[in-house]
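So that you can map any letter, position 95 of the sequence shown is 95 in our numbering, and since no number is skipped, the others follow by simple counting.
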Amino acid sequence: MKLKTLLATVVLTGFAVSCDQGAPTVPTDGPLFAKPGACPGHPSCQDGGYDFEYALEVGQFGSDCVKKNEAVHGKTFWCYEETPSFALRVVRSDGEPATSGTVTFERCVDSRDNSVKDWTKCGVLQRKNKRHYGGVYYGEADVGLNGIATLALVGWQQYESVWGMHWEYDTGDGGKPEADIKWRDLAYVDYSNPPPQ
Numbered sequence: 001m002k003l004k005t006l007l008a009t010v011v012l013t014g015f016a017v018s019c020d021q022g023a024p025t026v027p028t029d030g031p032l033f034a035k036p037g038a039c040p041g042h043p044s045c046q047d048g049g050y051d052f053e054y055a056l057e058v059g060q061f062g063s064d065c066v067k068k069n070e071a072v073h074g075k076t077f078w079c080y081e082e083t084p085s086f087a088l089r090v091v092r093s094d095g096e097p098a099t100s101g102t103v104t105f106e107r108c109v110d111s112r113d114n115s116v117k118d119w120t121k122c123g124v125l126q127r128k129n130k131r132h133y134g135g136v137y138y139g140e141a142d143v144g145l146n147g148i149a150t151l152a153l154v155g156w157q158q159y160e161s162v163w164g165m166h167w168e169y170d171t172g173d174g175g176k177p178e179a180d181i182k183w184r185d186l187a188y189v190d191y192s193n194p195p196p197q
């Protein structure tokens, strides 16, 4: 009886030692399983979260399209050229501009006739015909100097100069895009919805 007890004690002690020796070391200088951006500055993490800055006057960031007061003008960027360039800046959560990556743009389109629509068709859930509206790839722009990405709006006048557009930023690391907004309109400066009669 004493021999069985002694053997059991030896086996359990040996098991405890072997488990302790094989246990992984836990780093103490950063969170485990952190999402990208959860710990800026830590070598195992990417930069912090990302956001967009928009031109508030013509020429800022090299943009012909300006963000106006949303409470007054709605979800619209007003563009001041016949073939405008839309530019924005990608910034990290620490306020510094991104240094690489791509901004991808999608345009709101009616699948029945491939016509371009304003943001309300894709940006608002509609009970009727909502399945017909969706985003279609339009173009992409690499993030350049000072985090600025610029897209030339080709075929602007062809589509009555108002497009529902959505864009997202990706660092190019193979993960999900890091920054993204809902639908907005890019419209010529005198556009009104509905158009004047």
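Heads up, the beta-carbon is just placed ideally off N, CA and C, and yes, glycines get one too.
The three-state reading of DSSP puts L145 in helix, counting H, G and I together. A direct Cα-Cα distance of roughly 19 Å separates H73 from P84. Within the region 99–138, complete alpha helix (DSSP H) segments of at least 4 residues are found at 119–123, given in chain order. A55 carries a coil assignment under DSSP once its states are collapsed to helix, strand and coil.
Per the coordinates, the alpha-carbon of E140 lies some 6 Å from the alpha-carbon of F105.
In the structure shown, the three-state DSSP call for E96 is coil. By the criterion of at least three beta-carbon pairs nearer than 8 Å, the region 78–92 is in contact with the region 168–188. By the 16-neighbour rule on beta-carbons within 10 angstroms, L56 is exposed.
D118 sits buried, since 16 or more C-beta atoms from the chains shown fall within 10 Å of its C-beta. Between V124 and the set G101, K182, G49, K67, the nearest pair of CA atoms involves K182. Between Y137 and the set S93, S161, M165, the nearest pair of CA atoms involves M165. When the Cα atoms are used, G134 and S115 turn out to be separated by approximately 11 Å.
When the five nearest sequence neighbours on each side are left out, the beta carbons in the same chain lying within less than 6 Å of the beta carbon of V103 are those of A141, A149, W167, Y169, in order along the chain. Going by beta carbons, G175 and V90 fall outside the 7 Å limit.
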